[in-house]
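Notes follow the structure.
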Amino acid sequence: METTTPARAADPSGVPAPPRLGHSPALSSGAGRAVARIAAFAVCQAAMIAGLGLLITGPARNLWPLSAEDALNDAFERVRNDALTTASAIASGAGDTHTVVGVTVLCCLALLVVPPLPRWRAALFLALAVWLQSLVFLLITEAVDRTRPDVERLDASPPTSSYTSGHTGAATALYAGLAVLVLSRVRGRWGRVVAVLLLLIPLLVGLARLYRGMHHPSDVVGGLLNGALSLFVVGRAVLADDAWAARPPADAVDIAVAAAERRPGPSREAAVVIVNPTVTDTATRDRLRLVLAQRGHTDVTFAETTERDTGGGQAADAVRGGAGLVVACGGDGTIRAVADALAGTGVTLAVVPCGTGNLLARNLGLPLDPADALAAALTGEPRALDLGTISGDGIDRTHFTAMSGAGLDAAVMGSTSDRAKSALGWPAYILAGLGELRGPRMRLAVTLDGAPALHRTARMVLIANIGTVQGGTALVPGARPDDGLLDLALFDPRGAGGWLRAAGVLLRGSRPTGTAGGAHGGPVEFFTFRRAELTFTRPQPREVDGDPVASGRRIIAEVRPGALTVLLPAGEK
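With the numbering used here applied, the sequence shown corresponds to residues 366 to 938, in that order.
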C-alpha cells in the first residue's frame, strides 16, 4: 500500500517553507504526549487522595489512629508558649502561598538566566510540580468537606476544607523539588546536606500547622502525599532518562542529517568544525552537524582542541586540507586561536559561542545559543573584519579578535578559576574583580602611531577591537571590528568619586577623546591608533582575549585591517 506524507506549509508564492535550521521532526520531544499523560495521572492522583479523604471523614473516622487525632491536637494546644508560637509562625510561613509562589518564580528565573546554559527542564519540573499540587489541592477541597480541629486556631481560617493541608503540600512540591534538583546537580557531601535541609522544611511546615491548630494530622499526611505525588508525576514526565517528554532517540540526529542530505540543493564546500570539548557537549555537536547538513555542507569534519593546541593547529590543518569553511565552537580563547591561524588566508570563519564571555559573538550580533548562532551565520554573508596583533616581552606576536590589556582586567582574568566560571558564567569575573580593586596603580608611557610619548598612571589598560562587554556595557564606546583601527582605553579612577565618574562615562556611552599632549584626561581616556607601544615601569599582569599571559613591562599592538573573513547575519557588522 502506498503511503503519503503531509506537505510542508507553503508561503503565498506556493514555495514550501524551509525548515528552521537545527530543527527536525526527528528531534521532536513528545511534549504533547507528556502533557496528556500528566493530565491523566493528575486526575488519578486527585481521585486517590480525595478517596482517602472521604474514607477518613466517613467509615474510618472512628478507627485508630484517626480516633486519636483530636487528642494529639489538644496536646499541641497545651504545650504552646511564646517561643514555640514564634517558631511555628516562621515555619508555617515557608508554606504560605505568597512565599511558595515567590520562591518558585525566583528559582525558575535563576535556572533560566544564570549561566551556564538555561536549565529548561529543571525550571519546568519545579514550576509544574508546584502548579499541579495546587490544582489537585483545589479539587480535593471541593470533594472533601472537613472541619478544622476543635482547638484555638492561631491563624485565620481560609474558606477551604481542612483536608488536605495546602501549606504542607505546596512546601513539599517546592522544597522537595529543589532537593531533587540539588542532588542531580551538586555532587558530594554538601549536595546531600543541602538536600536534607530542604527536605526538612515540609516536615516543619506540617508540624507548625498542627501546632497552630489549623489541621488534623491526617490532613498534613494528605498534603505530604499530594506534594510527593506531584513531584513524581512531573519528574517522570520531564526529568527521567525515559521521560514521557522523551529526549529524541539516540539516532535521531543521524536520521535528521540523512534527511537533510537527501534534499535537492547545491553541495557546498568542505567544512571543519573546531570544538573545545570542555564547553561543547555531544548534543551541541549534533545540532551543529544538523545545521550544516541543512545548508548543504555534507563534507563535515569535527576536530577537538587540546590543552596544548587550543585551536590554531586544527585551523591550520583545515586550511591545508582545502576547507572552505571553518566553524569555531568555544570561548573567546578558542575563537582567537582559530582566527590567528586563519588570518590572511581568505578561508571563511563561522563563530559559534560556547564559552563564558563570548565577547566577539556578542559584538557581532550573533545569538548566544550555539546552533542558532551557526544558523544565523550560514544564512548571512561573509564580511572582512579587523584583527589586532600583540607582542612584547614574554609574548610571541599573535592575533586577538576582541580585547587585550594589562592591569586590573588581566589580574581578574588570572584570579577567576575555571570552576567559578563553569558554575556562575561571566558573573564570576565580577566577583573576582571585587578582590582586585585595591591593586596598585600602574605608571606607563604610551606611544601612538609614532607621536610623542604620553605619560600616564592607570589601573587598567584595554586595547580593543570591539567595544561592548557582558551586560551590554560599552566599555570602549565606538570601537568597531571593521574600521581599520584599534582603540586604547586608559582607566585611572581615583577614589569612590573617580569610580562613579568612570561609570557615568560608560553608562552614557560617550567617548571623550584623549589629548595629544601630556595632561591627564580624567578617570577614563580613549584613543584610536594603528600601532601603539606601551611601556610600564614595572611588570604588569597581561591578557589576550581573556586568556592570561606572562606578566611583563612592554606591549606592542597593531591593527590588521580586514584580515579575517567571518560569516555574519544580514545587516550585522
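The beta-carbon is built from N, C-alpha and C at its ideal position, and this holds for glycine as well.
Small disclaimer: the values here were computed from a predicted structure and weren't measured.
Between which residues of its own chain and residue i is the CB-CB distance below 6 Å, once the five residues before and five after are set aside?
| i | result |
| --- | --- |
| asparagine 438 | Pro514 and Val516 |
| aspartate 664 | Ala635 |
| threonine 645 | Cys694 and Cys719 |
| glutamine 679 | Ile639 and Ala668 |
| alanine 508 | Ala415 |
| methionine 825 | Gly772, Leu773, Asp774 and Phe856 |
Roughly how many angstroms separate the alpha carbons of residue i and residue j, rounded to a whole number?
| i | j | result |
| --- | --- | --- |
| histidine 820 | isoleucine 700 | 34 Å |
| tryptophan 864 | proline 858 | 5 Å |
| isoleucine 748 | leucine 546 | The amino acid at residue 748 is misidentified as isoleucine; the sequence shows arginine. Each residue's Cα considered, the two are about 44 Å apart. |
| alanine 560 | alanine 702 | 42 Å |
| proline 582 | leucine 477 | 37 Å |
| alanine 854 | glycine 698 | 21 Å |
| leucine 840 | valine 558 | 42 Å |
| arginine 518 | histidine 580 | 9 Å |
| valine 889 | proline 904 | 22 Å |
| arginine 650 | threonine 744 | 19 Å |
| glycine 843 | glycine 832 | 6 Å |
| alanine 358 | threonine 902 | Nothing in the structure corresponds to residue 358, since the chain is present only between 366 and 938. |
| alanine 816 | aspartate 852 | 16 Å |
| arginine 402 | arginine 601 | 10 Å |
| methionine 778 | leucine 827 | 13 Å |
| aspartate 848 | serine 769 | 18 Å |
| threonine 525 | cysteine 409 | 21 Å |
| threonine 710 | valine 684 | 8 Å |
| proline 523 | valine 400 | 31 Å |
| aspartate 814 | arginine 866 | 29 Å |
| alanine 538 | leucine 500 | 12 Å |
| threonine 490 | threonine 893 | Residue identity differs from the one stated: residue 490 is phenylalanine in this sequence, not threonine. When rounded, the distance between both Cα atoms is 51 Å. |
| alanine 648 | aspartate 734 | 12 Å |
| glycine 753 | leucine 773 | 21 Å |
| isoleucine 455 | glutamate 672 | 52 Å |
| leucine 563 | alanine 412 | 28 Å |
| threonine 471 | glutamate 746 | The amino acid occupying residue 471 in the given sequence is leucine; threonine does not appear at that position. Roughly 40 Å between the two C-alpha positions. |
| alanine 776 | glycine 927 | 31 Å |
| alanine 706 | arginine 654 | 23 Å |
Starting from the C-beta of residue i, find all residues in its chain whose C-beta is less than 7 Å away, skip the five residues before and the five after it, and write them out in chain order.
| i | result |
| --- | --- |
| alanine 492 | Thr469 and Cys473 |
| glycine 757 | Gly917, Arg919, Ile920 and Ile921 |
| arginine 486 | Val603 and Leu604 |
| glycine 460 | His532, Thr533, Ala535, Ala536 and Val570 |
| leucine 594 | Gln410 |
Any idea what DSSP makes of residue i, helix, strand or coil?
| i | result |
| --- | --- |
| leucine 752 | strand |
| alanine 922 | strand |
| arginine 907 | strand |
| arginine 762 | strand |
| leucine 932 | strand |
| cysteine 694 | strand |
| proline 642 | coil |
| leucine 575 | helix |
| proline 582 | helix |
| glycine 883 | Interpretation of glycine 883 is limited by its pLDDT of 37, a score under 50 that renders its predicted location unreliable; no figure is taken from the coordinates. |
| glutamate 746 | strand |
| leucine 731 | coil |
| threonine 450 | helix |
| alanine 440 | helix |
| threonine 710 | coil |
| alanine 810 | strand |
| alanine 459 | coil |
| leucine 773 | helix |
| glycine 917 | strand |
| alanine 635 | coil |
| threonine 721 | coil |
| arginine 550 | helix |
| leucine 604 | coil |
Tell me, to the nearest whole angstrom, how far the beta carbon of residue i is from that of residue j; I am working on the premise that it is less than 8 Å.
| i | j | result |
| --- | --- | --- |
| threonine 533 | glycine 571 | 4 Å |
| leucine 933 | threonine 713 | Their Cβ separation, rounded to whole angstroms, is 11 Å, which puts leucine 933 and threonine 713 out of contact at 8 Å. |
| leucine 725 | threonine 766 | 5 Å |
| alanine 407 | valine 598 | 7 Å |
Short of 8 Å in beta carbon distance, which residues of its chain neighbour residue i, apart from the five on each side in sequence? Order them along the chain.
| i | result |
| --- | --- |
| glycine 458 | Thr464 |
| serine 343 | The question about residue 343 has no answer, for the chain in this structure spans 366 to 938. |
| glutamate 442 | Val516, Glu517 and Gly578 |
| alanine 608 | No answer about alanine 608 holds up, because its pLDDT of 47 lies below 50 and its placement is not dependable. |
Does residue i get closer than 9 Å to chain C when you measure Cβ to Cβ?
| i | result |
| --- | --- |
| glycine 571 | This model lacks chain C altogether; it includes just one protein chain. |
Start-end ranges of the beta strand (DSSP E) lying completely within the region 644-692, minimum 3 residues: 665-669
Ignoring anything shorter than 3 residues or poking outside the region 813-857, list the beta strand (DSSP E) runs there in chain order. 819-823, 825-829 and 851-856
In chain order, which alpha helix (DSSP H) runs of at least 4 residues are fully inside the region 464-530? 485-508
Residue ranges of each alpha helix (DSSP H) run of no fewer than 4 residues wholly in the region 394-428, ordered along the chain? 396-422
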